[in-house]
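Student: For reference, the structure I am asking about is given below.
Residue numbers (our numbering), protein chains in the order written: chain Y, 338 to 647; chain D, 338 to 647.
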């Protein structure tokens, strides 16, 4: 049997694991990522965690063929370099080469969103799909596209303008998909609705919850607030607009929605499907629209699956 | 040597030719497409034109390995069927199978824009590019994406909404890339400027030319009309917006611009590059932005090149 190491670098924790060729996790280990530490110290921690996960897996180390690393930030996948990661204070971190040297097996670096997308295709919500688009609705909007179980590199569709001259985005453009469809976008829309009616149900729910989160508007809608329902409807209109753009262009078999907002499940997906169907170009086959199922494990599994050909 | 037949189905003429493996046309033949005729009659015409081009090429028919067909309309590439082409009155035309039977070689059907994109990559403006996006600014906006000299199927980015709730598009959505960046979009913007100022230079140029075309606004701008320059600038802003979306998402090495509007050459491309650079996500390598060079031959060459693996 062949096994692969997956490493998922998160802002708080680094997760590693031994994964089989079908995407099953055999064993896992986790260490704090620890921002702003010397890169060689970070490397030692990752290697240590990998060795722990190998030891606890019971797998013969000779059967471990390669290590895949999923990292956020600006990535040079061809050369295995994290060019820049502001959150972690990393710069020109030749993590691919160094991991390969330390473990004595080939290493490959991927963007973390791409790795997570591959994980969902091999072992999660889009299992068996010839092509799948994985959209993560978190602080930003992440997009990953996978064809024939291969990552389509560098799919940065969060910064696709859908509303020319619209909401300012962190990237400097106006009207990006991310500015509307991220959790941040929804929170902004919720705050604006509260400002318009500071005594309504929505405002009250926010007060009780202590702050406005991506969940607030759904909680208010559950209480029968028509204003909250209107915010959700507007949010879904923009989300459907961006998704339809990508369905028209990429024609995926499956669209998987992940991230915090996706926790709303069918409450989100059922009306979203109706709106997407209305927007997609006639003659294009509608994809299945589902929730991601692997959660944090998607990145770990996907990073490992990205080196299956090694 | 191996040779391939390319067939490019246009609204007016069908062009066929014998093409070598490097994308050089050895011989060509053309017949009127003739809309609304029985499909078997059309087929006979295509087969006749192919045979004419083979005869005039001097190539040994045994060296001709396959036929590639580029067609507009709704296409089932997997099964070689033109599902629907309203302009030609075609419906469920099993052109792939029938061409293969008639010529005794394998046949493959492609979307005509995709075929033209492949032509530009193999033998035209994007020659040697690992990945290229070909955008055609005509009646609509066509998009084709080619990676490693393979067509990325079904890239319908003309119907990507860039201005939520904006100009109505023929597809039923509002604010599509095509509604702004096609020749039709530019003509609409020109007409609106003329309505705003019916006695200006732009209105006068349109009067002299007899109608408003995609060229009118450029002709008026050449005469120093600031109003025309403003329309061009606005047109380029939208075009840059859509292109930046696609560069962010697909990260092509080369972007080739074709179609009627592209005839403006550097007058269009020089300011476009500046606007695109401003819009592209930081950290993404800027592609070369060039004009298509093969003209009508792109579709013929590309259709032939799509069957090189046969």
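For every residue, glycine included, the Cβ atom is placed at its ideal position computed from N, Cα and C.
Please read these numbers as outputs of a predicted model, since none were measured by experiment.
Decide if the stretch 436 to 444 of chain Y is in contact with the stretch 562 to 573 of chain Y; the criterion is three or more beta carbon pairs, one per stretch, under 8 Å apart.
Tutor: Touching, no, given that fewer than three Cβ pairs across the two stretches are closer than 8 Å.
Student: Is the stretch 394 to 401 of chain Y touching the stretch 374 to 383 of chain Y, taking contact as three or more C-beta pairs under 8 Å?
Tutor: Verdict: no, contact absent.
Student: By how many angstroms is the C-alpha of residue 557 of chain Y removed from the C-alpha of residue 538 of chain Y?
Tutor: Numbered from 1 along the first chain, position 201 holds the residue referred to as residue 538 of chain Y. Numbered from 1 along the first chain, position 220 holds the residue referred to as residue 557 of chain Y. So the two alpha carbons sit approximately 6 Å from each other.
Student: Counting Cβ pairs, one atom from each stretch, are 3 or more of them under 8 Å apart for the stretch 603 to 613 of chain D and the stretch 503 to 519 of chain D?
Tutor: These segments do not touch.
Student: Quick check: the stretch 447 to 455 of chain D against the stretch 473 to 491 of chain D, are there 3 or more CB pairs under 8 Å?
Tutor: A contact exists between the stretch 447 to 455 of chain D and the stretch 473 to 491 of chain D.
Student: What does the Cβ neighbour count give for residue 335 of chain D, buried or exposed, with the cut at 16 atoms within 10 Å?
Tutor: This structure gives no information on residue 335 of chain D, because the portion of chain D shown stretches from 338 to 647.
Student: Counting C-beta neighbours from all protein chains within 10 Å, is the total for residue 548 of chain Y 16 or more, i.e. buried, or is it exposed?
Tutor: Locating residue 548 of chain Y in the first chain gives position 211, where the first residue counts as 1. Residue 548 of chain Y is exposed by the Cβ-count criterion.
Student: With 16 other CB atoms within 10 Å as the buried threshold, where does residue 616 of chain D fall?
Tutor: The residue labelled residue 616 of chain D in the question sits at position 279 within the second chain. By the neighbour-count rule (16 or more Cβ atoms within 10 Å), residue 616 of chain D is buried.
Student: Can you check whether the C-beta of residue 552 of chain D is within less than 8 Å of a C-beta belonging to chain Y?
Tutor: Looking up residue 552 of chain D in the second chain gives position 215. No, residue 552 of chain D lies away from the interface with chain Y (no Cβ there is under 8 Å from its Cβ).
Student: On the criterion of 16 or more Cβ atoms from any shown chain inside 10 Å, does residue 510 of chain Y qualify as buried, or is it exposed?
Tutor: Your numbering for residue 510 of chain Y matches position 173 in the first chain. With 16 or more Cβ atoms within 10 Å of its Cβ, residue 510 of chain Y is classed as buried.
Student: Per DSSP, which one or two residues make a beta bridge with residue 513 of chain Y?
Tutor: For the purposes of this step, residue 513 of chain Y is identified with residue 176 of the first chain, where counting begins at 1. Y/498, per the DSSP bridge assignment.
Student: Just how far apart, CA to CA, sit residue 631 of chain Y and residue 453 of chain D?
Tutor: Sequence index remark: in the first chain, residue 631 of chain Y carries index 294 (1-based). Sequence index remark: in the second chain, residue 453 of chain D carries index 116 (1-based). One C-alpha to the other measures close to 40 Å.
Student: Taking the alpha helix (DSSP H) that residue 522 of chain Y belongs to, which residues open and close that run?
Tutor: Taking the first residue of the first chain as position 1, residue 522 of chain Y is located at position 185. Start and end: 520 to 533.
Student: Can a CB atom of chain Y be found closer than 8 Å to the CB of residue 291 of chain D?
Tutor: Within the shown structure, residues of chain D are numbered from 338 to 647, placing residue 291 of chain D beyond reach of any answer.
Student: Using the DSSP secondary-structure output, state which residues sit across from residue 592 of chain D in a beta bridge.
Tutor: Here residue 592 of chain D corresponds to residue number 255 of the second chain, with the count starting at 1. Paired residue(s): D/470, D/626.
Student: Chain Y beta carbons: is any one of them nearer than 8 Å to that of residue 578 of chain D?
Tutor: For this step, residue 578 of chain D is matched to residue 241 along the second chain. Residue 578 of chain D counts as touching chain Y.
Student: Given 8 Å as the limit, is there contact between the stretch 490 to 499 of chain Y and the stretch 493 to 500 of chain D, that is, 3 or more CB pairs closer than that?
Tutor: The stretch 490 to 499 of chain Y is in contact with the stretch 493 to 500 of chain D.
Student: Beta-carbon of residue 501 of chain Y versus every beta-carbon of chain D: anything under 8 Å?
Tutor: As a first step, residue 501 of chain Y is located in the first chain; it is residue number 164 there, counting from the start. Yes, its Cβ sits closer than 8 Å to a Cβ of chain D.
Student: Against residue 588 of chain Y, what residues of chain D qualify as contacts under a CB-to-CB distance less than 9 Å, listed in chain order?
Tutor: Counting from 1 along the first chain, the entry for residue 588 of chain Y is found at position 251. By Cβ distance, chain D contributes 490, 491, 492, 493.
Student: Measuring CA to CA, which of Y/531, Y/344, Y/508, Y/621 is closest to residue 389 of chain Y?
Tutor: Numbered from 1 along the first chain, position 52 holds the residue referred to as residue 389 of chain Y. Closest by alpha carbon: Y/344.
Student: Kindly indicate which residue of Y/437, Y/391, Y/366, Y/356 has the alpha-carbon position closest to the one of residue 341 of chain Y.
Tutor: Your numbering for residue 341 of chain Y matches position 4 in the first chain. Minimum Cα distance to residue 341 of chain Y is reached at Y/356.
Student: Quick one: using the 10 Å Cβ neighbour count with 16 as the cut-off for buried, is residue 470 of chain D buried or exposed?
Tutor: Reading the second chain from its first residue, position 133 is the one you call residue 470 of chain D. Per the 10 Å Cβ criterion, buried.
Student: Quick check on the burial criterion: 16 or more other C-beta atoms within 10 angstroms. Buried or exposed for residue 585 of chain Y?
Tutor: By 1-based counting over the first chain, the position of residue 585 of chain Y is 248. Counting Cβ neighbours within 10 Å, residue 585 of chain Y comes out buried, since at least 16 surround it.
Student: Here's a check: name, in chain order, each residue in its chain whose Cβ is nearer than 7 Å to the Cβ of residue 602 of chain Y, leaving out the five neighbours to either side.
Tutor: Within the first chain, the letter at position 265 stands for residue 602 of chain Y. Excluding sequence neighbours, residue 602 of chain Y sits near 628.
Student: Could you please tell me which residues of the stretch 425 to 444 of chain Y, in chain order, have their CB closer than 9 Å to any CB of chain A?
Tutor: Annotation note: the requested chain A is absent from the structure, which comprises protein chains Y and D.
Student: Please tell me whether residue 431 of chain D and residue 417 of chain D are closer than 8 Å, where the distance is taken between their beta carbons.
Tutor: Along the second chain, read from residue 1 onward, the residue named residue 431 of chain D stands at position 94. Along the second chain, read from residue 1 onward, the residue named residue 417 of chain D stands at position 80. Contact: yes.
Student: Please state whether DSSP places residue 372 of chain D in a helix, a strand or coil.
Tutor: Reading the second chain from its first residue, position 35 is the one you call residue 372 of chain D. Looking at residue 372 of chain D - three-state DSSP - the assignment turns out to be coil, as it is neither helix nor strand.
Student: So, with DSSP's three-state summary, where would you put residue 393 of chain Y?
Tutor: Taking the first residue of the first chain as 1, we reach residue 393 of chain Y at position 56. Looking at residue 393 of chain Y - three-state DSSP - the assignment turns out to be helix.
Student: Residue 361 of chain D: which of D/626, D/646, D/639 sits nearest, CA to CA?
Tutor: For the purposes of this step, residue 361 of chain D is identified with residue 24 of the second chain, where counting begins at 1. If we check each option's Cα against that of residue 361 of chain D, D/639 comes out closest.
Student: Between which two residues does the beta strand (DSSP E) containing residue 462 of chain Y stretch?
Tutor: If you number the first chain from 1, residue 462 of chain Y lands on position 125. Where residue 462 of chain Y is concerned, there is no enclosing beta strand (DSSP E), given that its DSSP letter is neither H nor E.
Student: Work out the CA separation of residue 569 of chain D and residue 376 of chain D for me, nearest whole Å.
Tutor: For the purposes of this step, residue 376 of chain D is taken as residue 39 along the second chain, with counting starting at 1. For the purposes of this step, residue 569 of chain D is taken as residue 232 along the second chain, with counting starting at 1. The alpha-carbon atoms of residue 376 of chain D and residue 569 of chain D are separated by roughly 43 Å.
Student: Just mark residue 532 of chain D as buried or exposed, buried being the case when its beta carbon has 16 or more other beta carbons within 10 Å.
Tutor: In the second chain, the residue the question calls residue 532 of chain D occupies position 195. Residue 532 of chain D comes out exposed.
Student: Cα-Cα, which of Y/525, Y/483, Y/465 is closest to residue 477 of chain Y?
Tutor: Position 140 of the first chain, counted from the first residue, corresponds to residue 477 of chain Y. Of Y/525, Y/483, Y/465, the residue nearest in Cα terms is Y/525.
Student: List, in chain order, every chain Y residue whose beta-carbon is nearer than 7 Å to that of residue 510 of chain D.
Tutor: Here the question's residue 510 of chain D lines up with position 173 in the second chain. Within chain Y, the residues near residue 510 of chain D are 616.
Student: For residue 411 of chain Y, which residues in chain D fall below 9 Å Cβ to Cβ?
Tutor: For this step, residue 411 of chain Y is matched to residue 74 along the first chain. Per Cβ cutoff of 9 Å: 619, 620.
Student: I'd like to know whether the C-beta of residue 498 of chain Y is nearer than 8 Å to at least one C-beta of chain D.
Tutor: As a working mapping, residue 498 of chain Y is identified with position 161 in the first chain. Yes, contact with chain D.
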